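Here is the structure we will look at, set down as structure tokens.
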Amino acid sequence: MKFFLASLLAGSAAAFAPASQKATSTVALSAFESELGVQTPIGLLDPLNLLGDATQERFDELRYTEIKHGRICQLAFLGNIITRAGVHLPGNIDSAGTSFDSIPDGWAALSAIPPQ
């Protein structure tokens, strides 16, 4: 029984011991380590390896696209919040006279928009 308890304590102590650190470096990503948005403990985060052999032009294009998509998502979220608060655009959504106020909020709006 004492040996069993001693082995349990030794095993649990090993779980909290510091792991050995292996030095890994990527030559391709080190070119972008000084860019805006690189965090100190992680460095440049590229989990999909999109920048494996990228040039500065490719990096700038991906950054521009990411910022553009982020702004579109922010506007979509803001539009969702505003319409759920009851604020709708004035006027009609089509030439048949369907007003924006008659369109429900959320997922129900997808089936309520009249076809063209």
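By numbering that gives the first Met the number 0, the letter at position 90 of the sequence shown is numbered 89, and the numbering carries on one by one without gaps. Just so you know, even glycine gets a beta-carbon here, dropped at the ideal spot from N, CA and C. Remember, predicted model here, so these are calculated numbers, not experimental data.
- T82: member of the alpha helix (DSSP H) spanning Q55 to R83, first to last residue.
- DSSP places A107 in the uninterrupted alpha helix (DSSP H) bounded by A107 to A111.
- DSSP, reduced to helix, strand and coil, places S101 within a helical segment of the structure shown.
- Comparing C-alpha distances from P89 to each of S29, D52, G51 and S98 shows the shortest one belongs to S98.
- The beta carbons of A84 and P113 sit about 24 Å from each other, so the pair does not count as a contact at 8 Å.
- Straight through space, the alpha carbons of D104 and E32 are spaced by roughly 44 Å.
- Of the candidates T82, I102, D45 and V86, D45 places its Cα closest to the Cα of L61.
- Rounded to whole angstroms, the gap between the alpha carbons of L50 and S29 is 10 Å.
- Within the same chain, D104 come within 7 Å of T82 by CB-CB distance, once the 5 residues on both sides are set aside.
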